[in-house]
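Line by line, the protein sequences give chains A and B.
Residue 430 in my numbering sits at position 385 of the first sequence; the count goes up by one each step and never skips.
Residue 102 in my numbering sits at position 100 of the second sequence; the count goes up by one each step and never skips.
Where a beta carbon is used, it is the ideal one built from N, C-alpha and C, also for glycine.
As the structure is a computational prediction, the values presented were derived from the model and not from experiment.
First up is the structure itself, then whatever we jot down about it.
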Amino acid sequence: MSQVKIPVDLILSKVVEESEKVQSRAKKASEVLLGELDTELAKTEYDVVYQEDRVKLKHYRPKTKIRYKTPLIVVYALINRETMLDLQPGRSVVERFLDAGIDLYMIDWGYPTHKDRFLGFDDHINGYMDNAIDFIRDQNKVDKVNLMGICMGGTFSVIYSALHPEKIKNLVTTVTPTNFDTKKGLLHVWMKHVDVDRVVDTFGNLPADVMNFGFLLLNPARLMIDKYVGFMENVDDKQFVENFVRMDKWIFDSPDLPGEVFREFVKNCYQGNLLLKNKLEVGGRRVDLKQLTMPLLNIYGKYDHLVPPEACEKLIDHVGSTDKKNICLDTGHIGIYVSSKYQKAFAPEIADWLKERDALEKNESPPKKAAPARKAVAAKAASPKKKVVAKSAKTAATSKPKPKPSPAQDPSETTPS
Amino acid sequence: MMDKTEETVDINAMLNMGLKFYGDLWGRMTDQWATFLGQGQTEKKTANGTFPKAQGAMNAALKNWQTLATAMAAPESVSSLLKGSGAMPDVLIKMAQTSVGSFLELQQSLFQRLGRVGESVKAYEFQDMEENIFRLWTDIYEKEFRQFFNVPQLGLLREYQEKTYQTMDKFNLFQANLAEFVRMLGLPFNHSSQVMQDKLTRLAENGELSEDVQAYYRMWIKVLEGHYMTLFQTPEYVEVLARTVNSLSDFHAARDAVFEDMLYLLPVARKTDMDDISRDLYELKKRLRKLEKESRHS
C-alpha cells in the first residue's frame, strides 16, 4: 500500500491563521453584542381598524397615491406571525406593496389562549375572515376585495373564495398547500401518522414550542448547527447580527395553534385530502372549488421543504377560474418573502398581476373610505421607536435552510463520486 | 396444638424451597451469562484464551453465588439456621411462618419476573444490543414491569393512588420512547462520521486533502444533512416519532388528572373547569354572532 501524504504542516498553519482570525473576531463581536442593536420587526406604520376577540385587522398607512380600484387583504397562517412580511425597511413585502400603490390590509391572528381551543375552520374562515372582509367592503364601499393568502392562510383563502366568491375580485395564493396527497414534504409524511385526536384532547391548543421543535427537526443539521455556526462566523458584523436576531425573533415568536384548527387541518387536509376532492365541509357547507371563479395567481417555491411544489401546483386544475396562473420560484418556503433577491421578483409580480386586472384608469380616483359602520377599535398607530438606515440584508442570516435540492437526498449522493 | 417437630418441618420445607429457588436462579443466570458470552462475545477472549478481567470476575461471582445458595439449601444448613427456634413461643413461630412464607412467595414472583427479563433480552440478540437497547427496554418495561402500576388499589384513596400510578407508568413509557427517539436522532451523527472517515481516507490516498479546515466542516454538514433527510423518511423513524408524541400526550393527560385532584382542594379553577367555561363561552358567542348577522341581513 502506498504511503498516504497528509499536508499536516499546511493544515496546522491554516488552523493557526484561523485561530488568529477568531481572536480578532471575538474582540469585534463583543463590541457588536454589547452595543446598541436594532432588531425591531414590523416597523411600517399601520392602524388597527377592526378587532374581534384576539384577531385584529391592520390597515397600513399609504405611502403613495393608491393606484388600484380594490383594496388587498393579506391573510397569513395561524403558525408564526404575519410580521415576516415586514421584517425591516428595505426588506419588506408590505413596503413594496405600499410603494406600488396598493391599499393594504392584513389580518393579525393574535395569540390564541385556552379559551380559543374550540375555534375551528368555520370560526376562522366564515367568522373572523368574513367579518374583516365585510368591514373592508363597508369601509371602502366596494363589493369585492382582492385576497392574498399565505401558507395555511392561503388554504383558508381558497376555502373562503370558494364559499364566498361574490366577495373576492382576485385571489393570490402563495406557498399554499392544497394537495395533501404527496410524500414529498416531510410534514406530509409525518402528519399522516399523527394521532391528532389524542394530541388535541390532551393539549387543547397545540403548544408553539412543540410546533417549533417539529420545524427544527425538519432539518436539524442546518437549523440547529449550521445556522449558529454561520452566526459565530459573522458575529462581528453588526448588520448580520441585527438581521440574524430579527429573523430568530420572528421564528420563535409563535402563537399556539387553536386545537380544533389543528385537528381539522390534520384530519381533513393532511390525512383526508378533502379540499381537492371537493369533499371538505366548513360550517355545514361543502367547499366546491368549481365555485372559485375569480382570477387566480398561485405562487410557490421550488425548494420549499414545508409545502413542496407538488402540494401547491394542482390547485389551478381544480378551480372554476379561467384566468389562472402558476408561478414557481427557485427558492424555499420563507425565502420568497425575506430574501432580497426573490422579494424583488415576488412582490412586484403580484403588484403587476393585480394591476392588469384592477388598475385605476387615469382619471379615476380610489374608493373613498367611509367612517367605520361596524365595531372598530380606536386606531392605534404602531410608531417606530427609532429610524434605521436600510442596508442590503444578508440572506444568510435567515435561519430557514438555504435553497437546496430535494430534502430527500440520499446520503450516498453526498459522498464524492 | 401442633406438634413442634411438624412446625420445624414446615419451616424447613419452606426455607428449603426458598433457598433451592435462589440456587436455581443463580444457576440460570450463570447459564444465561455463559450463553450470552458464547453467542456474541467469544471474540472478546484474550490471546491466551482466557476472558478479560471483568468477564472473568463476573463468571466467578455468579458461580460463587450459585455455590453459596446451593450450600444453604442443604438440609443440615437449614437445621442449623433453625437451631434454637424451638425456644420461641408458638405464636411467634406462626407469625414468622406466615411472614417468611409470604415474603418468599413475593420474592419468588419478583425473581421469576427478573428471570424473564433475561429471556426477553435473549430474543433481541446481543449483537444488535446497541441498536435495540431502547426498544428492548420499552418492551421489557411493557411486558414485565408496568403490571406493578396496574395492581388494583383499594379503599378511600384508591382513585388517587391509581392516578398517581398511572402517571408514573405513563412517564416511564414516555421516557422509554423519548430515549429511543433521541437515540435515533443521534444515528446520522454516527453514520456521517463513518462517511467522513472514508472520504478523508480517499482524499488522503489521492493526495487531495484540503488545508482549509472549514472545507471539512462544510463536507460534514452536507453529509449529516443527507443522512437526516434519509432517516426522516424511513417508516421506523415515523413510527418512533408517532409513538413518542402519543406517549407524551398520555403522560400529559395522566399528570393533568393528578394535578386536577390536587387543585380540587384549593380555591382555584381547574383545567376541566376552564374547558367547560371556554366551551360555554364559545357556543354563546357563536349563537350571538349568528343572531347579529341574521338581524343585519333582515
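Of the listed residues the options, nearest to residue i (C-alpha basis)
| i | options | result |
| --- | --- | --- |
| residue 152 of chain A | A:274, A:189, A:194 | A:194 |
| residue 231 of chain A | A:407, A:110, A:294, A:350 | A:350 |
| residue 398 of chain A | A:210, A:344, A:131, A:108 | A:344 |
| residue 390 of chain A | A:141, A:87, A:117 | A:141 |
| residue 367 of chain A | A:150, A:337, A:176 | A:337 |
| residue 223 of chain A | A:356, A:79, A:374 | A:356 |
| residue 380 of chain A | A:119, A:55, A:138 | A:138 |
| residue 254 of chain B | B:145, B:147, B:166 | B:166 |
| residue 166 of chain A | A:330, A:385, A:393, A:376 | A:330 |
| residue 197 of chain A | A:306, A:164, A:412 | A:306 |
| residue 189 of chain B | B:208, B:173, B:226, B:248 | B:226 |
| residue 376 of chain A | A:308, A:320, A:226, A:219 | A:219 |
| residue 274 of chain B | A:415, A:285, A:249 | A:249 |
| residue 174 of chain B | B:200, B:197, B:147 | B:147 |
| residue 143 of chain A | A:173, A:119, A:227, A:269 | A:119 |
Separation of residue j from residue i, as counted between CA atoms
| i | j | result |
| --- | --- | --- |
| residue 310 of chain A | residue 333 of chain A | 17 Å |
| residue 247 of chain A | residue 299 of chain A | 20 Å |
| residue 124 of chain A | residue 205 of chain B | 45 Å |
| residue 360 of chain A | residue 279 of chain B | 40 Å |
| residue 156 of chain B | residue 255 of chain A | 38 Å |
| residue 299 of chain B | residue 210 of chain A | 18 Å |
| residue 215 of chain B | residue 228 of chain B | 21 Å |
| residue 206 of chain A | residue 364 of chain A | 10 Å |
| residue 122 of chain A | residue 160 of chain A | 19 Å |
| residue 115 of chain A | residue 404 of chain A | 8 Å |
| residue 85 of chain A | residue 133 of chain A | 8 Å |
| residue 162 of chain B | residue 179 of chain B | 26 Å |
| residue 149 of chain B | residue 142 of chain B | 11 Å |
| residue 436 of chain A | residue 221 of chain A | Note that residue 436 of chain A scores 34 on pLDDT, short of 50, meaning its location in the model is unreliable and no value can be drawn from it. |
| residue 294 of chain B | residue 176 of chain A | 12 Å |
| residue 414 of chain A | residue 276 of chain B | 41 Å |
| residue 185 of chain B | residue 253 of chain A | 24 Å |
| residue 441 of chain A | residue 412 of chain A | For residue 441 of chain A, the pLDDT reaches just 35, beneath the cut-off of 50, and the residue's location in the model is therefore unreliable, leaving the point undetermined. |
| residue 192 of chain A | residue 217 of chain A | 6 Å |
| residue 127 of chain A | residue 242 of chain B | 33 Å |
Where residue i falls, given that 16 or more other Cβ within 10 Å makes a residue buried
| i | result |
| --- | --- |
| residue 2 of chain B | Residue numbering for chain B in the displayed model covers 3 to 300; residue 2 of chain B lies beyond these limits and cannot be assessed. |
| residue 152 of chain B | exposed |
| residue 281 of chain B | exposed |
| residue 154 of chain B | exposed |
| residue 107 of chain A | exposed |
| residue 446 of chain A | Interpretation of residue 446 of chain A is limited by its pLDDT of 39, a score under 50 that renders its predicted location unreliable; the figure taken from the coordinates is listed afterwards. Buried. |
| residue 291 of chain A | buried |
| residue 273 of chain A | exposed |
| residue 51 of chain B | Bear in mind that a pLDDT of 49 at residue 51 of chain B, under 50, signals an unreliable position, so the number given afterwards is only what the model happens to contain. Exposed. |
| residue 249 of chain B | buried |
| residue 88 of chain A | buried |
| residue 208 of chain B | exposed |
| residue 313 of chain A | buried |
| residue 131 of chain A | buried |
| residue 46 of chain B | A caution first: residue 46 of chain B carries a pLDDT of 47, below 50, which makes its placement in the model unreliable, though a value can still be read off. Exposed, since its Cβ has fewer than 16 Cβ neighbours within 10 Å. |
Distance between beta carbons of residue j and residue i, contact taken as under 8 Å
| i | j | result |
| --- | --- | --- |
| residue 210 of chain B | residue 59 of chain A | Not confirmed; about 15 Å, so no contact. |
| residue 21 of chain A | residue 100 of chain A | What is shown of chain A runs 46 to 462, which leaves residue 21 of chain A out entirely. |
| residue 340 of chain A | residue 215 of chain A | 5 Å |
| residue 280 of chain A | residue 77 of chain A | 7 Å |
| residue 91 of chain A | residue 105 of chain A | 5 Å |
| residue 95 of chain A | residue 117 of chain A | Residue 95 of chain A to residue 117 of chain A, Cβ: 16 Å. No contact. |
| residue 301 of chain A | residue 251 of chain A | 6 Å |
| residue 82 of chain A | residue 278 of chain A | Wrong, their Cβ atoms sit about 18 Å apart, outside the cutoff. |
| residue 190 of chain A | residue 213 of chain A | 7 Å |
| residue 395 of chain A | residue 320 of chain A | Residue 395 of chain A to residue 320 of chain A, Cβ: 23 Å. No contact. |
| residue 110 of chain A | residue 80 of chain A | Wrong, their Cβ atoms sit about 40 Å apart, outside the cutoff. |
| residue 177 of chain B | residue 256 of chain B | Contact flag wrong, Cβ pair sits at about 13 Å. |
| residue 242 of chain A | residue 162 of chain A | Wrong, their Cβ atoms sit about 14 Å apart, outside the cutoff. |
| residue 169 of chain A | residue 201 of chain A | 6 Å |
Residues that residue i contacts on chain C, provided the C-beta gap is smaller than 7 Å
| i | result |
| --- | --- |
| residue 234 of chain B | Among the protein chains in the structure shown, which are A and B, there is no chain C. |
Residue i: CB within 7 Å of a non-hydrogen atom of the ligand SAH
| i | result |
| --- | --- |
| residue 368 of chain A | In terms of ligand content, the structure shown is empty, and the ligand SAH therefore cannot be addressed. |
Could you run through the segment 244-258 of chain B and flag, in chain order, every residue whose CB is less than 7 Å away from some CB of chain A? Residues of the segment 244-258 of chain B with a Cβ closer than 7 Å to any Cβ of chain A, in chain order: 244, 247, 248, 251, 254, 255.
Beta carbons nearer than 7 Å to chain B: which residues of the segment 252-270 of chain A have them? If the cut-off is 7 Å between Cβ atoms, the segment 252-270 of chain A has 264, 265, 266, 267, 270 near chain B.
Along the segment 296-323 of chain A, where does the CB come closer than 7 Å to a CB of chain B? Name the residues. For the segment 296-323 of chain A, which is checked against every Cβ of chain B, not one residue is closer than 7 Å.
Check distances from the C-beta atoms of the segment 277-292 of chain B to those of chain A and list, in chain order, the residues that come in under 9 Å. Listed by position, the residues of the segment 277-292 of chain B near chain A (Cβ gap below 9 Å) are 277, 279, 280, 281, 283, 284, 285, 287, 288, 291.
Contact list for the segment 232-252 of chain A against chain B, Cβ threshold 7 Å: Within the segment 232-252 of chain A, the qualifying residues are 234, 235, 238, 239, 240, 243, 244, 247, 248.
May I ask you to list, following chain order, the residues of the segment 89-103 of chain A that have a beta carbon less than 7 Å from some beta carbon of chain B? Listed by position along the chain: nothing, the set is empty.
In the segment 59-72 of chain A, which residues sit with their C-beta less than 8 Å from some C-beta in chain B, listed in chain order? Answer set for the segment 59-72 of chain A: 59, 60, 63.
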